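Residue numbers (my numbering): 2 to 92.
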């Protein structure tokens, strides 16, 4: 296999780089989705008592009696944070 790589010449290096980056993205997303699945499998009581760091601000706002608009702003910020970087995958 290494022989084919060397016979391919200098064009093989960008292909190798893209392959490594692609595998790294797949592994990163797989780890993130596994964390999300574990989070969704937790009972709601446990989630409210010990929320993940990302949702702590939202839960504190709900417990503190914040208005709907404030909770909406916090939720929108969380969605933006979760969706950060997704545009690069569409390229």
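We treat Cβ as the ideally placed atom computed from N, Cα and C, and that holds for glycine. Just so we're clear, the structure is a prediction, and the values are computed from it rather than from any experiment.
query = Under the three-state reduction of DSSP, which class applies to residue 85: helix, strand or coil?
reply = In the structure shown, residue 85 sits in coil (DSSP, three-state: anything other than H, G, I, E or B).
ask   = Would residue 86 pass as a contact of residue 59 if the rule is Cβ separation under 8 Å?
value = The criterion of a C-beta distance shorter than 8 Å is not satisfied by residue 86 and residue 59.
Proximity below 8 Å, CB of residue 54 to CB of residue 62 = In this structure, residue 62 does not lie closer than 8 Å to residue 54 by Cβ.
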